[in-house]
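First residue of the sequence shown: 426, per the working numbering; consecutive thereafter.
Glycine is no exception: its CB is placed at the ideal position from the N, C-alpha and C atoms.
Here is the structure we will look at.
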Amino acid sequence: MNKKYIQKNYINLCSKVLGTKIHRFSDQFFGSASRLLKEEQPIFKEGVYDKNGKWMDGWETRRKRIEGNDYVTIKLGLPGKINFAEIDTSYFNGNQPEYASIDACYFEKNKFNWVNILSKRKLHPNYLHGFKTQQNNKVFNFIRLNIYPDGGVARLKLLGNLDVSKLKFPNKKFDLLSILNGSKIVACSDEHFGRAENLLLPFKSKNMGNGWETKRRRGSGYDWVIIKLGKPGLIEKFNIETHYFKGNYPSHCSVQGLYSIKNINISKLINESKNWKFLIKNKNLKPNSSLKINSTKHIKKINYLKLNIYPDGGISRIRAIGKFL
């Protein structure tokens with residue numbers, strides 16, 4: 426299964442955006458365990474040392490002089506099912522662990538009942554490892570990364586989907602498109618300069634690189650992104666933001682919606698999306714601003730949403746205020 430498919434069908438449950446945090450660790454002498462959860466790509470700082478030795482952009486334990494292995498336990502911000510694991514040893518060369526494994530559990534009633542979701546695997550230096558996990562029909566809220574016997578790991582990603590049935594939603598209206606509420610990107614035309622999944626982040630964009638941006642279009646057509654909601658819902662208001670996009674924002678946009686209980690093939694979904702009902706049509710956009718659109722007259726139950734931008738450019742966030750059914 427290719428990486429592009431995985432990225433479009435799963436989210437990183439280890440993301441700090443979801444509230445994921447380090448719970449416990451055996452050791453972090455050379456590098457903080459919290460660096461495992463960083464969103465940014467690992468970097469290397471030539472000649473930079475701290476009080477314990479060479480600074481490394483990852484979790485690194487001291488050399489083990491006793492029996493056993495090192496580990497870190499991580500509390501997932503939101504419970505979910507895990508399908509793939511990425512263990513990145515970028516820049517760890519000669520100090521990477523020899524092997525790694527992953528255990529997981531759903532912590533409740535003060536009990537950790539661990540099950541293995543990734544058996545002991547060989548790790549290579551300076552390499553991004555991708556593994557399919559086991560037990561991917563089970564819901565977990567804690568994981569434990571075991572390394573054998575010691576060493577450094579730059580990043581850990583656990584790719585899967587939130588278990589919407591275990592999420593708690595407020596009684597008042599809220600953003601149905603937030604990644605925190607189970608929404609995810611399923612397809613997009615282009616994301617040359619910025620990932621489409623940034624559209625669903627719950628906080629205001631930090632800079633231009635923190636939004637969705639497509640390449641300059643040199644032919645006819647337009648760019649688009651398709652979002653699957655965590656649950657079917659009714660949308661009353663839209664908020665489309667172009668923060669930090671000043672000379673590269675789209676001319677205008679439109680929004681379409683669909684409700685379907687079928688498990689639709691992605692290619693078919695894309696082809697049929699041209700005929701979805703318009704919720705917003707041809708709204709002009711402005712640079713570095715927020716467009717609020719009242720959509721009450723268009724309220725329809727939907728679980729798929731398509732944002733079209735004409736002809737190309739960047740959008741920082743899209744929010745759909747309403748309620749799940």
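Using 9 Å as the threshold, is the C-beta distance between residue i and residue j below it?
i	j	result
glycine 636	glycine 555	no
aspartate 575	arginine 488	yes
serine 608	glycine 655	yes
alanine 612	isoleucine 691	yes
phenylalanine 517	valine 578	yes
proline 657	leucine 750	yes
arginine 742	asparagine 673	no
glutamine 521	valine 540	no
leucine 694	isoleucine 652	no
leucine 548	threonine 514	yes
Could you tell me the distance, in whole angstroms, from the CA atom of residue i to the CA atom of residue j?
i	j	result
leucine 462	lysine 446	8 Å
phenylalanine 373	lysine 662	This structure gives no information on residue 373, because the portion of the chain shown stretches from 426 to 750.
glutamine 453	glutamate 485	6 Å
arginine 490	glycine 505	36 Å
serine 526	asparagine 562	19 Å
aspartate 528	glycine 444	20 Å
methionine 633	leucine 592	30 Å
leucine 503	tyrosine 573	28 Å
isoleucine 718	asparagine 709	11 Å
phenylalanine 703	tyrosine 552	45 Å
leucine 501	asparagine 707	40 Å
asparagine 700	lysine 725	15 Å
alanine 621	valine 442	15 Å
leucine 438	glutamate 464	12 Å
serine 720	valine 564	35 Å
proline 643	proline 736	In the sequence on display, residue 643 carries arginine and not proline. Going by the C-alpha atoms only, they are around 9 Å apart.
proline 712	serine 440	29 Å
Which residues in the same chain as residue i place their Cβ atom closer than 6 Å to its Cβ, once the five residues preceding and following it in sequence are excluded?
i	result
leucine 605	Pro627
Could you please give me the residues that DSSP links to residue i through a beta bridge?
i	result
histidine 668	Histidine 668 pairs with nothing; no bridge assigned.
isoleucine 604	Paired residues: none, contrary to the question.
serine 715	Glu666
aspartate 648	Ile734
tryptophan 484	Val578
Suppose the cutoff is 8 Å on Cβ atoms and the five residues either side in sequence are ignored; what does the same chain contact list for residue i look like?
i	result
serine 715	Asn664, Ile665, Glu666, Thr667 and His668
tryptophan 649	Cys613, Ser614, Ser698, Lys731, Leu732, Asn733 and Ile734
serine 685	Asn728 and Tyr729
isoleucine 746	Lys598, Phe599, Asp600, Leu601, Ile660, Glu661, Lys662, Phe663 and Asn664
Beta carbon of residue i: closer than 8 Å to some heavy atom of the ligand FAD?
i	result
phenylalanine 594	Inclusion of the ligand FAD in the displayed structure is not the case, the ligand content being empty and no account of it being possible.
Can you find the residues in the same chain that come closer than 7 Å, C-beta to C-beta, to residue i, ignoring five residues on each side of it along the sequence?
i	result
isoleucine 468	Asp482
So that I know if they touch, is there some Cβ in chain D lying closer than 9 Å to that of residue i?
i	result
threonine 486	No chain D appears in the structure shown, which is made up of a single protein chain.
Taking one C-beta from the segment 665-680 and one from the segment 579-590 each time, how about it: are there three or more such pairs within less than 8 Å? no
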